[in-house]
Structures are given as structure tokens and as C-alpha cells.
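**Q** End of the sequence shown = 521 in my numbering, gap-free, step of one.
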Amino acid sequence: MDESRDFNPQGLRGLLTLTRFNYIEWRDIIDDYLDSQNWTKYIKEGIPADANDELKAKSSKISVVLKAAAGSQRTHLLGLRTPKEILVKLEEVNGGSSKGSLSSLQRQFSSPDPNKSVDDVAASLSQLQAQIGGISSEDKPTELSKKDILLRCYQEKYRTTVETLRIVAGNYTFAQIVERLRQAEFEANETSVEVALRAENNAQNRSGKKDTRKCYYCGKVGHIKPNCRKKKHDEKNKQNGTQKEKSENAGIAWIANKNTNIGIDDWCVDSGATSHMTSDRGIFIEYEDYRSTVGTAKSGISLNVVGRGKISCPINGQKTIFEGVLHIPELSANLLSPGKLTNKGLSVNLGPNEVIINRDRNIVAKGPKIGDTWVLRAHQTKEQALITSSAKQEEILLWHRRLGHPGAEKLSLTSETICDMPYIRQSEVPDCNTCYLTKSVRKQSREAPRNSASKKLERVFIDTWGPYKYPSLGGK
Numbered sequence: 046m047d048e049s050r051d052f053n054p055q056g057l058r059g060l061l062t063l064t065r066f067n068y069i070e071w072r073d074i075i076d077d078y079l080d081s082q083n084w085t086k087y088i089k090e091g092i093p094a095d096a097n098d099e100l101k102a103k104s105s106k107i108s109v110v111l112k113a114a115a116g117s118q119r120t121h122l123l124g125l126r127t128p129k130e131i132l133v134k135l136e137e138v139n140g141g142s143s144k145g146s147l148s149s150l151q152r153q154f155s156s157p158d159p160n161k162s163v164d165d166v167a168a169s170l171s172q173l174q175a176q177i178g179g180i181s182s183e184d185k186p187t188e189l190s191k192k193d194i195l196l197r198c199y200q201e202k203y204r205t206t207v208e209t210l211r212i213v214a215g216n217y218t219f220a221q222i223v224e225r226l227r228q229a230e231f232e233a234n235e236t237s238v239e240v241a242l243r244a245e246n247n248a249q250n251r252s253g254k255k256d257t258r259k260c261y262y263c264g265k266v267g268h269i270k271p272n273c274r275k276k277k278h279d280e281k282n283k284q285n286g287t288q289k290e291k292s293e294n295a296g297i298a299w300i301a302n303k304n305t306n307i308g309i310d311d312w313c314v315d316s317g318a319t320s321h322m323t324s325d326r327g328i329f330i331e332y333e334d335y336r337s338t339v340g341t342a343k344s345g346i347s348l349n350v351v352g353r354g355k356i357s358c359p360i361n362g363q364k365t366i367f368e369g370v371l372h373i374p375e376l377s378a379n380l381l382s383p384g385k386l387t388n389k390g391l392s393v394n395l396g397p398n399e400v401i402i403n404r405d406r407n408i409v410a411k412g413p414k415i416g417d418t419w420v421l422r423a424h425q426t427k428e429q430a431l432i433t434s435s436a437k438q439e440e441i442l443l444w445h446r447r448l449g450h451p452g453a454e455k456l457s458l459t460s461e462t463i464c465d466m467p468y469i470r471q472s473e474v475p476d477c478n479t480c481y482l483t484k485s486v487r488k489q490s491r492e493a494p495r496n497s498a499s500k501k502l503e504r505v506f507i508d509t510w511g512p513y514k515y516p517s518l519g520g521k
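(1) Whole angstroms are fine: how far does the CA of Cys-198 sit from the CA of Asn-407?
(2) When the Cα atoms are used, what is the spatial distance from Ser-377 to Val-420?
(3) Taking the alpha-carbon of Glu-188 as reference, which of Gln-221, Gln-118, Cys-260, Leu-132 has the nearest alpha-carbon?
(4) Taking the beta strand (DSSP E) that Glu-333 belongs to, which residues open and close that run?
(5) What is the DSSP secondary structure of His-372, counted as helix, strand or coil?
(6) Rounded to the nearest angstrom, what separates Pro-159 and Gln-200 at their Cα positions?
(7) Kindly indicate the opening and closing residues of the beta strand (DSSP E) around Val-350.
(8) Taking the alpha helix (DSSP H) that Arg-119 belongs to, which residues open and close that run?
(9) Ser-142: buried (16+ other C-beta within 10 angstroms of its C-beta) or exposed?
(10) How long is the line joining the alpha carbons of Leu-111 and Lys-101, rounded to whole angstroms?
(11) Quick one: is Ser-104 buried, meaning 16 or more other Cβ sit within 10 Å of its Cβ, or exposed?
(12) Measure the C-alpha to C-alpha separation of Arg-524 and Pro-397 and round it to an integer number of angstroms.
(13) If you draw a straight line from the C-alpha of Leu-395 to the C-alpha of Lys-414, how long is it?
(14) Note the first and the last residue of the continuous beta strand (DSSP E) segment covering Ser-392.
(15) Give the single residue among Thr-338, Glu-375, Cys-313, Ile-88 whose Cα lies nearest to the Cα of Arg-326.
(16) Looking at Ile-441: is its Cβ nearer than 8 Å to the Cβ of Ile-469?
(17) Look at Leu-386 and Ile-360 and say whether their C-beta atoms are less than 8 Å apart.
(18) If I follow the unbroken beta strand (DSSP E) through Lys-414, where does it start and stop?
(19) Quick check: the Cα distance between Lys-161 and Leu-135, rounded to an integer number of angstroms?
(20) Give the single residue among Val-370, Gly-340, Asn-349 whose Cα lies nearest to the Cα of Tyr-332.
(21) So the candidates are Ser-472, Phe-367, Arg-447, Glu-90; which of them puts its Cα closest to the Cα of Glu-454?
(22) Just how far apart, CA to CA, sit Lys-15 and Ile-180?
(23) For the 8 Å Cβ check, are there 3 or more pairs between the segment 305 to 324 and the segment 172 to 186?
(24) Can you give me the C-alpha to C-alpha distance between His-268 and Ser-169, rounded to a whole angstrom?
(25) Skipping 5 residues on each side, what residues in its chain have a beta carbon closer than 6 Å to that of Cys-480?
(26) Measure how close the beta-carbons of Val-213 and Gly-340 come, nearest whole angstrom, since I'm counting them as under 8 Å.
(27) In chain order, what residues of the same chain lie with their CB nearer than 6 Å to the CB of Leu-63, ignoring the 5 residues before and after it?
(28) Would you mind working out which of Asp-98, Asn-67, Arg-258 sits nearest Ser-182, comparing C-alpha positions?
(29) For the alpha helix (DSSP H) holding Cys-480, just list the boundary residues, first then last.
(30) So what does DSSP say about Leu-189, is it helix, strand or coil?
(31) Any idea what DSSP makes of Glu-399, helix, strand or coil?
(32) Are there 16 or more other CB atoms within 10 angstroms of the CB of Val-166, so buried, or fewer, so exposed?
(33) If distances are taken between C-alpha atoms only, which option among Lys-89, Ser-320, Glu-137 comes closest to His-121?
(34) Rounded to a whole number of angstroms, what is the C-alpha to C-alpha distance between Arg-404 and Ile-328?
(35) With burial defined as no fewer than 16 other Cβ atoms inside 10 Å of the residue's Cβ, what is the status of Gly-124: buried or exposed?
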């Protein structure tokens, strides 16, 4: 008796539609379902030539089911009758096994053709990313790797643009990088066309023939629109006006609100800055020439980097050392990168009213928020320093009283072990009047006199008093 059961079409309702991207998942579902119906042996072994009519009818039923489950790919199955032929054809159309298909897609993803247009390569990378993710979510390329491969593809073709984009790639989306590369591609193609037209005009001039072509820009005869001097002159004036506007807005790309309260020695904590940057060459204590460019996120222009090194500058009145600082003469304000600070073990808290930089729960620096910009002052004003010192001493004195008037050393050790207690240095502990009044002891001298008295009144001990104008503890 045949062990197979009649096919249950209810099991295929809601089945995932077969596409180019989900063949592996679709095939696993089909194999599991066919196995549950005890039809696998007919797929692998096929139908013998001398099979009875009932077995042939069952084979035809399996073929119909597979064609129905193939969705839009049924067009590849025309003329195929057996289940084995259908599955072999679908495997061939969809790239074979998951292992072979995955490695093939990964090779295509990692080595795009630089001779293709930017739009074609970008579309291909996005499509391959989706295909790889459809096969294995763990092997799906990240957006960062997709951006890196796109830049590497055009490294030689558009070197300047790619080097600029690599600096700001972390802040740019894939679409923004594609747009910048598309612009570089357009400029390169326009230059090539202009060179070709110039060569054609030179050839015509050498042949002695008069150019009768009409320019559709100025309307004059003797040249065409790409070679029109009036057009180039107008474009140059327009470009100069745009560049001037960009230069005026360059500071906005780094500092949201330019404020007159920000001094030239102050430092702005900019979450969009990838490195520390300054325009002041005089604060560098170590310096080396370094040529590069830094892109601005909003205006789309680049600033020239002429050097880098180590600087020494005052922050909140304390001498501070920063390494890897870029020297950009065009920069309108000094910038600190929170990312670089956190790499050095610091914690940066950009609050609604101020910025606080901590190391091991100790405040290293703090500054106000001016407009949309967090600022670290180079120097504290005298009034600010007095207020800060006074508030610090009052807080330490409060901890000193609550802990039972411990000594400076014990108070400092205690602050290191208690959570939420500020760290207190021994030198910061202020004088406590209570401790002076209750812990003071009389200094006793038990040393023998150097010269012994040999007769009366040769050494006299006398207590002196007054006049005394200050009242005693009793008020007298």
C-alpha cells in the first residue's frame, strides 16, 4: 500500500511568495512541506517509466503544486512535467545552493565595477545587500561597509572627492555620499565633453573652414553653447557669489549660533566634529605639517587642514593638553570633539544648560550653553572663581561636620570609598573652628634647659598679661 497521503492544498495558503531574494527560505519551506506529505522520495527518485496511472497522477499533482508555489517564476517552468525537473530549474534560476549563492553575492558586493556610473554601482550595492540579507541575516553587509566599498570603488577615479568624504563618512548617509560622487562624476564628464569640443573646434580652425553653428545661449554665430564666453562669464560670477555665501555660512556648519559671548580663546564642544580643531598656530607645543581637508556637514564645502599636533591651552583656568589637534586657519572658532574626549577615558555630558566633562566621577571642566553651543571658557573670571571656591569649601565643611569632624586625611580617604560623595583632596579641607576649640592641646616642653642656673634669680619664669581688648569666650 502506498504510504503517501493525498496532497492537502490548505497547507500552501499564506506561503511566502518566491522572489529572487528569498529562494533559500522558500525552498526550505517547500522541502519541509513535501517531507510532511511523504512526497520527498518522488522528488529525489523520480517516477519510473512503468509506473501505474495512480502514481503518474500523483506526480502530475506535485508538479502543479510546485508551479503554483513558484509565483512569478512560473514562466521559467513552461514545458516541464516532473517535480524533479521543476526544482532543478528553480535552483538554476535562483543561483543554486545557499552557500554557493552567498559567496558569489559577497564577491560581487566587494568588487563593483568602477567603470559603471555612480548610480548603477550604488543601486547594485543596495540590491546585493538585500540579497545577502535574504540568505543570511548574520552575513548582511552593514551600511558602513557599503559606504566604504563605494568610496574604494572610485578611489582612483575621483581621488580628491573620496579623500574628503572619508573624513566625514561617519556623519554622512549612503545617499549623501552617492550625491557627492554623482556631482564629481558630472563635473568630470562635463570637463571631458568640453575638451572634446575644444579639440573639434581647433581641428576646424586648422582646416580653414568658417564655423556657421549658432549658440543657443547668446544667439551669436561662430560657436556653440558649451564654448560660449558669455555663458562661462555668467557662470563664474554666479559661482563667486555662491562661494561667498558659503564662506559666510561656513561657521554655521560648525557652530549653530554664532554668539558674541564666545571668546576667541574659548572652546566649543561640537558633537559633529570628528577631531579637535583650532585656527591658532601659537598654542601648539608640538607641530607637524599635514595636508588634508575637512568637510562641513551643512554647507557642503571643505576647509583646508595645514598641520596637526599637540596644544596647551587653559580650560576653566587650568592648563590642559590636547593631542591630535588639526590646524585650520579658516576656522572661526576652536572646536572640541566629544568622541576624541571619550576615547581618552573622559565622560562628556551635554546638558540643557551646561556641558560637564568628568573623569572617574570627578569634574574636569564645565561650561555654559550659549544659544545652541556648549562652550568651555579659557579663563574663569575672578567672581566665578570666588563663587566656585566658596561653594566648594562650604560643601566640604558640611561633609566634615556630618561625618563627625574627621581629620583631612581621613576625610579624603572616605570620599574615595563612598558613592555619590565628591572627591576631596587634603589640601581642600577648610579650617574648622569647632575642631580648633575642642581638639587643641597645650604644648608641653619637657626638655632640660641648656644652661643650668647656678644661683637664685638667674632664670626667672614670668606670666605676662594685657592690655587685652578682645573679649574672652565668657564675654569678659
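A virtual CB, placed ideally from N, CA and C, is assigned to each residue, including glycine.
**A** So, to answer that:
(1) Asn-407 and Cys-198 have their C-alpha atoms spaced approximately 47 Å apart.
(2) Cα-Cα distance, rounded: 14 Å.
(3) Gln-221
(4) 329 to 340
(5) Looking at His-372 - three-state DSSP - the assignment turns out to be strand.
(6) 9 Å
(7) 347 to 360 is the extent of the beta strand (DSSP E) around Val-350.
(8) That residue, Arg-119, is in no alpha helix (DSSP H); it is neither H nor E in DSSP.
(9) Because the pLDDT at Ser-142 is just 48, under 50, the model does not fix this residue reliably, and the value given afterwards should be weighed accordingly. Result: exposed.
(10) The C-alpha of Leu-111 lies about 15 Å from the C-alpha of Lys-101.
(11) buried
(12) The structure shown does not extend to residue 524, since the chain is modelled only from 46 through 521, so no value can be given for it.
(13) 9 Å
(14) Segment 392 to 395, the beta strand (DSSP E) holding Ser-392.
(15) Glu-375
(16) yes
(17) Leu-386 is not a Cβ neighbour of Ile-360, given a cutoff of 8 Å.
(18) 407 to 415
(19) 30 Å
(20) Ranked by Cα distance from Tyr-332, the options Val-370, Gly-340, Asn-349 are led by Val-370.
(21) It is Ser-472.
(22) Absent from the structure is residue 15, since the part of the chain shown begins at 46 and ends at 521.
(23) Contact between the segment 305 to 324 and the segment 172 to 186 is absent, with fewer than three C-beta pairs closer than 8 Å.
(24) 40 Å
(25) His-450
(26) 4 Å
(27) Trp-71, Ala-115, Gly-116, Gln-118
(28) Asn-67
(29) 478 to 484
(30) helix
(31) strand
(32) buried
(33) Of the candidates Lys-89, Ser-320, Glu-137, the one whose C-alpha sits nearest the C-alpha of His-121 is Glu-137.
(34) 24 Å
(35) exposed
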